[in-house]
Structure formats: C-alpha cells, structure tokens
Amino acid sequence: MDNVTLALIFTLFAGLATGVGSLLAFFAKTTNTKFLSFALGLSAGVMIYVSMIEIFFKAKESLVSSLGYTEGYWVTVLAFFSGMLLIGVIDKLIPTYSNPHEIKKVEDMEKPGKAIQDPELMKMGIFTAIAIGIHNFPEGIATFISTLQDPSVGFAIAVAVAIHNIPEGIAVSVPIYYATGSRKKAFKLSFLSGLAEPVGAILAFLILMPFLNEFVLGITFAMVAGIMVFISLDELLPAAKRYDEAHLSIYGVIAGMAIMAISLIYLQ
C-alpha cells in the first residue's frame, strides 16, 4: 500500500474517533474520568515527544538542505511558531459556548429540562458542529503529512489524535443534544464533524502534492510540529488535569512519551 493511501486511511481513522465519543454519550451512563485523564495525557505525551524529537528535526533537515544551515534553521523555527499561531487563531475565533474543548460529561445528557426543541438552540448546535469541523481541519493535515513522510510516525499521530477526539465527541454531542432533544441527531452531527480531518487530508493532497519538494515539506512539517505542541499544551493537558485522579494524567504523559520513544527506535 502506498503512503498516500495509508495517510488517507490513518486520517479517516483519527477523524471517525469523534463518533466513538458520540457513542459514549449515546449509550454510557457515566464518564470514565480515570480512562479519559490517562488517555488524554498519553495522547499529549505522544504528540509532544514526536513533535519535538522527530518531526521538528526532520523539518530542519529538509530546510537546511534547501536553504543552508543558518537560514534553514531560522525558517524551521518560524514555521514551527507559525503552526502554533494558526491553531491559536482558530481556537480564538471559536466562541466559548461552542468550543469543543469545553469539558462535558456523558452524565450531562441525563439532566432534566435540557433537551428541548428550540430553533435558536438548534442553530447553536449546528454552529458547534461547524466549530469542531474547523478545529479538526489542521489536525487532518498534520496526520496526512506526517504519514506521507514517515508511516510509523503518522500512525502514532493518528492514534494520538483519535484518543484526543473521543472526549471531543462527547463535548460536541452534549450541546447538540441540548439543541435538538435527539440523541440520534447529536451522534450524527458529531460524527460528521470528525470527517473534517479526512477532508483536510484530501485538500492537503490536492494542494500540496504538486508542489511537494524539500522546502515545502520542511515548512509543512515544522508547522505540523507547532500545531501538535499547541494542541497538547493548550487542550489535552488542561483537559486531562480537569478529569484527573491520582496524577493519572502525568502518568499518561510519561507513558505516551515512552511508547513513542520505543516505537521510533524499533520502527526506524
């Protein structure tokens, strides 16, 4: 199987994990906070380690070979922080009430009087689904480009993003349920919002592939590293701490880093 097909499969897998969160909200009665705390920490550990140890330096190698050492290093750093700026701006543009990273639990689905039919709430629910779709878009590009360059790294990122998308699916399902009064609609819209990740991958393929050389790959890879570090520090770790019990989140971070480190050694 070629890397392009593999990249699309990994990105689809990561995006559809939002639907897993929706299913938890659909069927589960309570949130397993211990699992979520450890899993979110693990996802952050994977993303931070692979970004800082592997992806950043691969970006630097590509840009140094294209531009020379000093200029290539500077461009790598600028692209890295540009990735952070991009995802930061996206987060800033999403209103707090429809931000998919506002922590919610599946128990919230059971609160009486919340699931009411209302056109304004319906509109808010749709905007919430759009918001998470926009937010997932760069994550799809990150998974796709990483797999294209190195399938072993891409697989690790896809798993980390998928773990990240499970509580995200819960966070989207709850307000949409409030808006529509229907668990099925909450699942459907939340599930569809996760498709923004494979859409991001397809657009990355169509736009970037004709121009993909060492310079473009280096810029994209450095931005991917910045995006993933920002997501880890701004979203995953704070969310893990809010769910935290008995320091499980930090144990998850360490486990994620260790798993990523060992995987990179054996998969080289």
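Position 63 of the sequence shown, counting from 1, maps to 53 under my numbering, and the rest follow consecutively. Backbone N, C-alpha and C define an ideal beta-carbon position, used for all residues, glycine too.
- Is N203 buried or exposed, if buried means 16 or more other CB atoms sit within 10 Å of its CB? Locating residue 203 in the sequence shown gives position 213, where the first residue counts as 1. Label assigned to N203: exposed.
- Looking at A7 and N126, is the spacing between their C-beta atoms short of 8 Å? Here residue 126 refers to the residue found at position 136 when the sequence shown is read from its first residue. Here residue 7 refers to the residue found at position 17 when the sequence shown is read from its first residue. Against a cut-off of 8 Å, the Cβ pair of A7 and N126 comes out as no contact.
- Taking the alpha carbon of D140 as the point to measure from, which residue in V40, L198, S183 has its own alpha carbon closest? Counting from 1 along the sequence shown, the entry for residue 140 is found at position 150. Looking at the Cα atoms, V40 is the closest of the given residues.
- Query: DSSP state of N203, grouped into three classes?
  - Reply: To locate residue 203, count along the sequence shown from 1; it is residue 213. In this structure, N203 counts as coil in the three-state DSSP scheme.
- Task: Counting only the same chain and skipping the five closest in sequence on each side, list residues whose C-beta sits under 6 Å from that of A212.
- Result: Reading the sequence shown from its first residue, position 222 is the one you call residue 212. Result list for A212: A49, T66, A69, F70, in chain order.
- Item | For L185 and T137, the rounded distance between their alpha carbons | Looking up residue 137 in the sequence shown gives position 147. Looking up residue 185 in the sequence shown gives position 195. Near 18 Å, if we compare the C-alpha coordinates of L185 and T137.
- Query: So, using beta-carbon positions, are P128 and L30 closer together than 8 Å?
  - Reply: For the purposes of this step, residue 128 is identified with residue 138 of the sequence shown, where counting begins at 1. For the purposes of this step, residue 30 is identified with residue 40 of the sequence shown, where counting begins at 1. 8 Å or more divides the Cβ of P128 from the Cβ of L30.
- Leaving out five residues on either side along the sequence, give the residues of the same chain with a beta carbon under 6 Å from the beta carbon of A245. On the sequence shown, residue 245 is found 255 positions in, with the first residue counted as 1. L32, listed in sequence order.
- Cutoff 6 Å; reference F46; Cβ partners in own chain excluding five residues on either side: Numbered from its first residue, the sequence shown carries residue 46 at position 56. Closer than 6 Å at the Cβ level, and outside the excluded window around F46, lie A215.
- Run through DSSP, which three-state label would G103 get? In the sequence shown, counting from the first residue as 1, residue 103 sits at position 113. Any reading at G103 must be qualified, since the residue scores a pLDDT of 45, below 50, and its modelled position is unreliable; the value itself is stated next. Three-state DSSP puts G103 in coil, outside helix and strand.
- Message: Using a 10 Å radius around the Cβ and a threshold of 16 neighbouring Cβ atoms, would you call D234 buried or exposed?
- Response: Looking up residue 234 in the sequence shown gives position 244. By the neighbour-count rule (16 or more Cβ atoms within 10 Å), D234 is buried.
- Query: Could you give the C-beta distance for I240 and A194, rounded to a whole number, given that I count them as a contact under 8 Å?
  - Reply: Counting from one through the sequence shown, the residue named residue 240 turns up at place 250. Counting from one through the sequence shown, the residue named residue 194 turns up at place 204. No, I240 and A194 are not in contact; Cβ-Cβ is about 33 Å, not under 8 Å.
- What's the gap between the Cα of F264 and the Cα of I217? The structure shown has nothing for residue 264, since the chain only spans -9 to 258.
- So L283 packs on I160, CB below 8 Å; how close in whole Å? Any question about residue 283 goes unanswered here, given that the chain covers just -9 to 258.
- Message: Going by beta-carbon coordinates alone, are T1 and A148 separated by less than 8 Å?
- Response: Position 11 of the sequence shown, counting from 1, holds the residue named residue 1. Position 158 of the sequence shown, counting from 1, holds the residue named residue 148. Yes. Within cutoff.
- Message: Taking the beta carbon of T60 as the centre, do at least 16 other beta carbons fall within 10 Å, making it buried, or is it exposed?
- Response: Taking the sequence shown and counting its residues from 1, the one referred to as residue 60 is at position 70. With fewer than 16 Cβ atoms within 10 Å of its Cβ, T60 is classed as exposed.
- Message: Would I221 and I77 qualify as a contact pair, given that the criterion is a beta-carbon distance under 8 Å?
- Response: Locating residue 221 in the sequence shown gives position 231, where the first residue counts as 1. Locating residue 77 in the sequence shown gives position 87, where the first residue counts as 1. Going by C-beta atoms, I221 is nearer than 8 Å to I77.
- Count the other CB atoms, across all protein chains shown, that sit within 10 Å of the CB of S55; report buried if there are 16 or more and exposed otherwise. Indexing the sequence shown from 1 puts residue 55 at position 65. The residue is exposed, with fewer than 16 neighbouring Cβ atoms inside 10 Å.
- Task: Look up S142 in the DSSP assignment and say whether it is helix, strand or coil.
- Result: Taking the sequence shown and counting its residues from 1, the one referred to as residue 142 is at position 152. Of the three classes helix, strand and coil, the one that applies to S142 here is helix, per DSSP.
- Query: Sorted by chain position, which residues of the same chain lie with C-beta nearer than 6 Å to L207's C-beta, five sequence neighbours on each side aside?
  - Reply: Residue mapping note: residue 207 aligns to position 217 of the sequence shown, counting from 1. Cβ within range, chain order: S52.
- Item | Selection from V(-6), D(-8), F28, V36 that minimises the alpha carbon distance to V219 | For the purposes of this step, residue 219 is taken as residue 229 along the sequence shown, with counting starting at 1. V219 has its Cα closest to that of V36, out of V(-6), D(-8), F28, V36.
- Buried/exposed call for G58, threshold 16 Cβ in 10 Å: The residue given as residue 58 occupies position 68 in the sequence shown. Classification of G58: exposed, given that the 10 Å Cβ count is below 16.
- Can you grab the Cα-Cα spacing for the pair K231 / F25, in whole Å? In the sequence shown, residue 231 corresponds to position 241, counting from 1. In the sequence shown, residue 25 corresponds to position 35, counting from 1. Spanning the two alpha carbons is a distance of roughly 12 Å.
- Query: Quick one, which of L238, I80, G144 has its alpha-carbon nearest T(-5)'s?
  - Reply: Counting from one through the sequence shown, the residue named residue -5 turns up at place 5. For the residues L238, I80, G144, the minimum Cα distance to T(-5) belongs to G144.
- Item | Start-to-end residues for the alpha helix (DSSP H) that takes in D81 | The residue labelled residue 81 in the question sits at position 91 within the sequence shown. Residues 59 to 83.
- Assigned secondary structure, G31 (DSSP; H/G/I helix, E/B strand, else coil): Numbered from its first residue, the sequence shown carries residue 31 at position 41. Looking at G31 - three-state DSSP - the assignment turns out to be helix.
- Task: State the DSSP-derived secondary structure class of S180, mapped to helix, strand or coil.
- Result: By one-based count along the sequence shown, residue 180 stands at place 190. S180 falls in the helix class under three-state DSSP.
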